[in-house]
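Numbering (our numbering), first residue to last: 33 to 81.
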Amino acid sequence: MLSEPRAHFSPGRRAIVIGAGATGCGTARDLMLRGFQVTLVDQGDFAAG
Numbered sequence: 033m034l035s036e037p038r039a040h041f042s043p044g045r046r047a048i049v050i051g052a053g054a055t056g057c058g059t060a061r062d063l064m065l066r067g068f069q070v071t072l073v074d075q076g077d078f079a080a081g
């Protein structure tokens, strides 16, 4: 069984990802795993698709 990698946040490393679709969520996850504090924003109030 593969274990989920753990994020190690680095102070001062922040990113904003615009768009919470599949690509935006994947990008946000990748940035978090690389130590970024991520803000994910989307046009709607929940993911639609």
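Heads up, the beta-carbon is just placed ideally off N, CA and C, and yes, glycines get one too.
message = Please classify Ala54 as buried or exposed, where buried requires at least 16 neighbouring CB atoms within 10 angstroms.
response = exposed
ask   = If you run the structure through DSSP and keep just helix, strand and coil, what is Ala60?
value = helix
query = By Cβ distance below 6 Å, which residues in the same chain neighbour Leu72 in space, the five residues on each side in sequence not counted?
reply = Val49, Ala52, Ala60
message = In the DSSP assignment, the beta strand (DSSP E) including Ala47 goes from what residue to what residue?
response = 46-50
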